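Engineer: From first to last, the protein sequence lines stand for chains A and B.
Numbering of the first sequence is given in our numbering, commencing with residue 1 and proceeding in unit increments.
Numbering of the second sequence is given in our numbering, commencing with residue 232 and proceeding in unit increments.
Quick reminder that beta carbons are idealized off the backbone N, C-alpha and C, glycines included.
Note that this is a predicted model, so its numbers are computed, not measured.
2 protein chains.
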Amino acid sequence: MKYLQVKEAVLRELAKPQPGFPLSENQLSQRFGVSRMTARRALQELEREGYLSRQQGKGSFPAERRFSQGSLRVRPFYEFAAAQGAVPRTQVLVAEPRPAPAEVAEKLGTADTLCVRRLRFLDEEPVILETRYLDAARCGAVLEHDLTAESLHDILVHALGLPLTRVWQRLGAVALDPEVAALLAQPAGAPGLRLERVTYTLQTPVTWVEYLMRGDRYFFEDTFTPQGERP
Amino acid sequence: MKYLQVKEAVLRELAKPQPGFPLSENQLSQRFGVSRMTARRALQELEREGYLSRQQGKGSFPAERRFSQGSLRVRPFYEFAAAQGAVPRTQVLVAEPRPAPAEVAEKLGTADTLCVRRLRFLDEEPVILETRYLDAARCGAVLEHDLTAESLHDILVHALGLPLTRVWQRLGAVALDPEVAALLAQPAGAPGLRLERVTYTLQTPVTWVEYLMRGDRYFFEDTFTPQGERP
DNA sequence: CCTCACAAGTTGTATATACAACCTAGCGTG
DNA sequence: CACGCTAGGTTGTATATACAACTTGTGAGG
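The following block contains the structure:
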């Protein structure tokens with residue numbers, strides 16, 4: 001595993017207070033007695049892991065330390081349920097053609113939509129209220145499927161063959177309004193997480209969805225290692 | 232760019248209802264008249280992008296579609312400010328040795344801690360209250376730095392030379408209690424985002440931090456493409 | 001029938017080579 | 001002085017080769 005040894009050497013160099021840069025593939029290959037392709041592989045992996053930045057014609061430099069504070073994975077509901085060791089259930093409240101409200105219609109580019117509203121339980125406790133609008137022209141067949149099944153994602157991608165190429169989403173905290181609070185068995189005004197999401201297939205929006213989650217039951221939890229794993 | 236052509240061809244194959252698998256590097260190289268190394272590169276990139284799963288001795292297969300619902304990046308405060316086009320400011324409320332409360336001490340493995348509490352403004356509006364405990368044995372020098380500067384991350388990593396190797400974090404929604412609400416200029420009980428985080432250096436926890444964010448001003452927003460970019 | 005060994009096919013690692021694309025510094029010429 | 005171009009260094013792409021490590025099926029031998 002020569003390329004691993006080169007990687008480690010470069011990492012040690014990187015840790016020095018005054019690293020000697022830029023590095024080059026040829027320089028490394030000579031210093032460690034390996035071929036250029038092997039040195040190249042080491043540098044490429046270090047770039048992918050966020051340690052180096054490489055530029056054609058210039059060389060390899062230490063990456064701007066980004067200090068991205070990490071990321072929070074959004075897990076599918078059934079995965080979340082499994083992690084909690086809880087039994088999931090889905091109740092369909094609405095599944096019918098219904099025009100989207102103005103703000104949603106604007107984001108979808110049409111008001112000719114289907115509406116699906118589902119309440120999701122963990123161990124018979126309501127946790128998430130999902131409200132979704134789908135472009136009727138593209139997703140008409142959705143209503144023929146069993147919406148108590150877990151994944152609407154699956155239906156869209158597999159059954160309808162819509163590649164989901166882009167997602168926009170936004171997460172915030174809100175006070176649950178009385179109607180929603182009642183569905184989630186919470187007092188009006190209780191805090192909740194709100195995740196809004198628009199999914200695109202080939203530049204055109206297909207579905208808008210809002211998840212309202214009970215603040216006392218739903219969390220996003222993650223552990224990760226900044227800038228890729230240490231070798 | 233032959234490897235890109237091979238990638239596209241494999242992606243088209245992947246989209247068929249009944250794809251012919253497993254693929255192999257030799258097979259592809261013959262079919263497209265390229266070298267094995269070129270076919271190899273195409274398959275490797277498709278694996279990294281989540282389309283394929285490769286196993287030594289067996290071959291390359293379509294990946295289990297994961298449908299990870301994506302991830303929310305947590306941006307450093309000054310980056311968030313820049314994105315909003317707002318002027319950031321930091322006010323230090325507390326910066327002194329202070330023992331951590333029991334729940335925090337348990338997570339840090341010590342109660343010999345420093346406490347830093349900072350209020351962060353966007354355009355002179357309070358948005359985030361940060362409460363942090365640091366292992367005093369490792370971070371004593373922190374108090375000598377200018378804590379109104381933007382990044383405590385930078386201080387820990389650069390000035391103290393602590394590699395941050397692991398992060399655990401959890402995000403939820405809470406009702407702001409009266410004391411916090413007052414600091415954030417919100418009515419008591421208003422909804423807020425709460426991000427709790429423990430950062431490790433080499434398996435041992437170094438700092439615990441809680442961010443309380445105004446629900447009406449702070450969001451996590453992202454766009455991304457599921458399973459890597461389309462070529 | 002069972003078991004072991006081997007062969008064939010696969011990916012992983014390493015090397016050598018060639019040329020293309022790109023960047024920069026410096027030199028020459030106008 | 002200013003401009004352009006060239007030379008040398010860098011990464012990017014592509015190929016050919018060799019062997020190691022792993023998986024699976026098959027066939028020989030007990």
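(1) Are any of the Cβ atoms in chain A nearer than 8 Å to that of residue 236/B?
(2) Taking a contact to mean a Cβ-Cβ separation below 8 Å, would you say residue 263/B touches residue 293/B in this structure?
(3) Note the first and the last residue of the continuous beta strand (DSSP E) segment covering residue 133/A.
(4) Pick out whichever of 219/A, 156/A and 126/A has its Cα sitting closest to the Cα of residue 208/A.
(5) Which whole-angstrom value describes the C-beta separation of residue 125/A and residue 217/A, a residue pair presumed to lie in contact below a C-beta threshold of 8 Å?
(6) Starting from the beta carbon of residue 252/B, find every residue of chain A whose beta carbon is closer than 8 Å, and list them in chain order.
(7) How would you list, in chain order, the residues of chain B whose beta-carbon sits under 8 Å from the beta-carbon of residue 219/A?
(8) Going by other Cβ atoms of all chains shown within 10 Å of its Cβ, with 16 needed for buried, is residue 410/B buried or exposed?
(9) By how many angstroms is the C-alpha of residue 344/B removed from the C-alpha of residue 367/B?
(10) Could you give the distance in angstroms between the alpha-carbon of residue 430/B and the alpha-carbon of residue 97/A?
(11) Quick one, are the C-beta atoms of residue 123/A and residue 400/B less than 8 Å apart?
(12) In terms of residues, what are the limits of the beta strand (DSSP E) holding residue 141/A?
(13) On a Cα-Cα basis, can you pick out the residue from 56/A, 201/A and 171/A that is closest to residue 259/A?
(14) Looking only at DSSP bridge pairs, what is residue 213/A linked to?
(15) Out of 138/A, 212/A and 16/A, which one is the CA nearest neighbour of residue 181/A?
(16) Do you know offhand how far residue 282/B's Cα is from residue 118/A's?
(17) Kindly list, in the order they appear in chain B, the residues whose Cβ is closer than 9 Å to that of residue 224/A.
(18) Helix, strand or coil for residue 400/B per DSSP?
(19) Please classify residue 81/A: is it buried, with 16 or more other beta-carbons within 10 angstroms of its beta-carbon, or exposed?
(20) Between the region 70–82 of chain A and chain B, which residues of the former have a C-beta closer than 8 Å to a C-beta of the latter?
(21) In three-state DSSP terms, what is residue 385/B?
(22) Using CA atoms only, rank isn't needed, just tell me which of 235/B, 319/B, 338/B and 441/B is closest to residue 275/B.
(23) Among residues of its own chain, excluding the 5 on either side of residue 362/B, which ones have a beta-carbon nearer than 6 Å to its beta-carbon?
(24) Can you tell me whether DSSP reads residue 434/B as helix, strand or coil?
Structural biologist: This is what the structure holds:
(1) Taking the second sequence and counting its residues from 1, the one referred to as residue 236/B is at position 5. Interface flag for residue 236/B against chain A is unset, since no Cβ pair is found closer than 8 Å.
(2) Counting from one through the second sequence, the residue named residue 263/B turns up at place 32. Counting from one through the second sequence, the residue named residue 293/B turns up at place 62. Going by C-beta atoms, residue 263/B is not nearer than 8 Å to residue 293/B.
(3) Position 133 of the first sequence, counted from the first residue, corresponds to residue 133/A. According to the DSSP assignment, residue 133/A belongs to the beta strand (DSSP E) that extends over 125–135.
(4) Locating residue 208/A in the first sequence gives position 208, counting from the first residue. Distance from the Cα of residue 208/A is smallest, within the candidate group 219/A, 156/A and 126/A, for 156/A.
(5) To locate residue 125/A, count along the first sequence from 1; it is residue 125. To locate residue 217/A, count along the first sequence from 1; it is residue 217. Yes, they are in contact, since the Cβ atoms of residue 125/A and residue 217/A sit about 7 Å apart, within 8 Å.
(6) Mapped onto the second sequence, residue 252/B falls at position 21. Here the premise fails: no neighbours, minimum Cβ distance about 17 Å.
(7) Along the first sequence, one-based indexing puts residue 219/A at 219. Those within 8 Å of residue 219/A in chain B are 401, 402 and 403.
(8) The residue given as residue 410/B occupies position 179 in the second sequence. It counts as exposed.
(9) For the purposes of this step, residue 367/B is identified with residue 136 of the second sequence, where counting begins at 1. For the purposes of this step, residue 344/B is identified with residue 113 of the second sequence, where counting begins at 1. The straight-line gap from Cα to Cα measures roughly 5 Å.
(10) The residue you call residue 430/B lines up with position 199 of the second sequence. The residue you call residue 97/A lines up with position 97 of the first sequence. Looking at the two C-alpha atoms, the distance is approximately 48 Å.
(11) Your numbering for residue 123/A matches position 123 in the first sequence. Your numbering for residue 400/B matches position 169 in the second sequence. Not a contact, by the Cβ cut-off of 8 Å.
(12) For the purposes of this step, residue 141/A is taken as residue 141 along the first sequence, with counting starting at 1. Per DSSP, residue 141/A belongs to no beta strand (DSSP E) and is neither H nor E.
(13) Here chain A covers residues 1 to 231 and nothing more, so residue 259/A does not appear.
(14) As a working mapping, residue 213/A is identified with position 213 in the first sequence. Residue pairing by DSSP places residue 213/A opposite 128/A and 193/A in a beta bridge.
(15) The residue you call residue 181/A lines up with position 181 of the first sequence. When each option's Cα is compared against that of residue 181/A, the closest is 212/A.
(16) In the second sequence, the residue the question calls residue 282/B occupies position 51. In the first sequence, the residue the question calls residue 118/A occupies position 118. Roughly 30 Å separates the two Cα atoms.
(17) The residue given as residue 224/A occupies position 224 in the first sequence. The answer, in chain order, is 397, 398, 399 and 400.
(18) Translated into the one-based positions of the second sequence, residue 400/B becomes position 169. Here DSSP, grouped into helix, strand and coil, assigns residue 400/B to strand.
(19) Within the first sequence, numbered from 1, the residue matching residue 81/A stands at position 81. Result: buried.
(20) Going along the region 70–82 of chain A in chain order, one finds 70, 71, 72, 73, 74, 75 and 76 with a Cβ nearer than 8 Å to chain B.
(21) Locating residue 385/B in the second sequence gives position 154, where the first residue counts as 1. Residue 385/B falls in the helix class under three-state DSSP.
(22) Counting from 1 along the second sequence, the entry for residue 275/B is found at position 44. Ranked by Cα distance from residue 275/B, the first of 235/B, 319/B, 338/B and 441/B is 235/B.
(23) The sequence position of residue 362/B within the second sequence is 131, counting from 1. The residues are 348 and 441.
(24) The residue you call residue 434/B lines up with position 203 of the second sequence. Looking at residue 434/B - three-state DSSP - the assignment turns out to be coil, as it is neither helix nor strand.
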